[in-house]
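The numbers in the sequence shown follow this note's numbering, run straight up by one, and end at 301. Take a look at the structure below.
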Amino acid sequence: MARICDLTEAERPREKLLTQGPEQLTEVELIALILKSGIPGQSVIELARAVEDQWIGGDPSRYGSLHWRDLLTVKGIGVSKAATLCAAIELGKRLAQRKPQTRSDFSDPEAVARYFLPQLRDLPQEVFYCCYLNTKNGLLAAVEQSRGSLDQSVADVRLAMKDAIRWNAAAMILVHNHPSGDPTPSGADITLTERFNAAGEVLNIPVLDHVVIGAGTFVSLRREHLFRPSV
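Below, the structure written as structure tokens:
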């Protein structure tokens, strides 16, 4: 494998970024820049390649689920390098889910999926969100209601509706992920949607949709006619 000293100055990750732009760097080169240095007998490029080979395997989406303890299994990665890399990954995830300057029209399930996919698709457990909307279906707030196990989370309908009132919501959309990667709604998903829908009808805060996030895909319960919204 190439060592830094074997590369021309233009080929070295830092110089390449400065002269050609970060988009021209490979994932291994980006990791090498974050790690900063190698270890005796192993260049930073080789160390970055070891991370890529051991944990990513050509699928960049796996970065999102990396824990710093996972990285400690790579020879040459200590706590400091693991923490630095995890911090960079987390920053990327937060930027990907950054709220737009103008409120998104969340009556469109594609818009909901674009907002939540970077945040939810790689999580190892189910997480349930309520999205509170204004009268134009613009997002007021996305509030995490529960965080559960590998295959379920339990959302409290009463508390979620209290949040809806607090945000003065005109409508709401439910969102949760399936860690398996398959977004097909379960019977429990449909039942929970119906409970929220019933509570929303009482408070005149309708549930517009329930979007289930998978591994790069999603399912809209409304679009699949798996529940009948009140509006």
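Backbone N, C-alpha and C fix where the C-beta goes; we use that ideal spot for every residue, glycine too. None of the values given here were measured: they were computed from a predicted structure.
Fill in: S256, buried or exposed, once every other Cβ within 10 Å from all chains shown has been counted against 16
exposed
Practice prompt. Can you tell me the Cβ-Cβ gap for W138 and R132, rounded? I've got them flagged as a contact below 8 Å.
Written response: No, W138 and R132 are not in contact; Cβ-Cβ is about 15 Å, not under 8 Å.
Fill in: Length of the line joining the Cα atoms of A181 and S174
7 Å
Practice prompt. Using the DSSP secondary-structure output, state which residues sit across from C200 in a beta bridge.
Written response: V213, L244
Worksheet item: If you check the beta carbons only, do V289 and T254 fall under 8 Å apart?
Response: Contact: yes.
Worksheet entry | Outcome for D259 when other beta-carbon atoms lying within 10 angstroms are tallied against a minimum of 16 | buried
Discussion item. Taking a contact to mean a Cβ-Cβ separation below 8 Å, would you say G108 touches E116 in this structure?
Written reply: yes
Worksheet item: Going along the chain, which residues of its own chain have a beta-carbon closer than 7 Å to the beta-carbon of P83, five neighbours each way excluded?
Response: These residues qualify, in order along the chain: L95, E99, A102, L103.
Discussion item. Given this structure, state the Cα-to-Cα distance separating Q171 from Q112, to the nearest angstrom.
Written reply: For Q171, the pLDDT reaches just 48, beneath the cut-off of 50, and the residue's location in the model is therefore unreliable, leaving the point undetermined.
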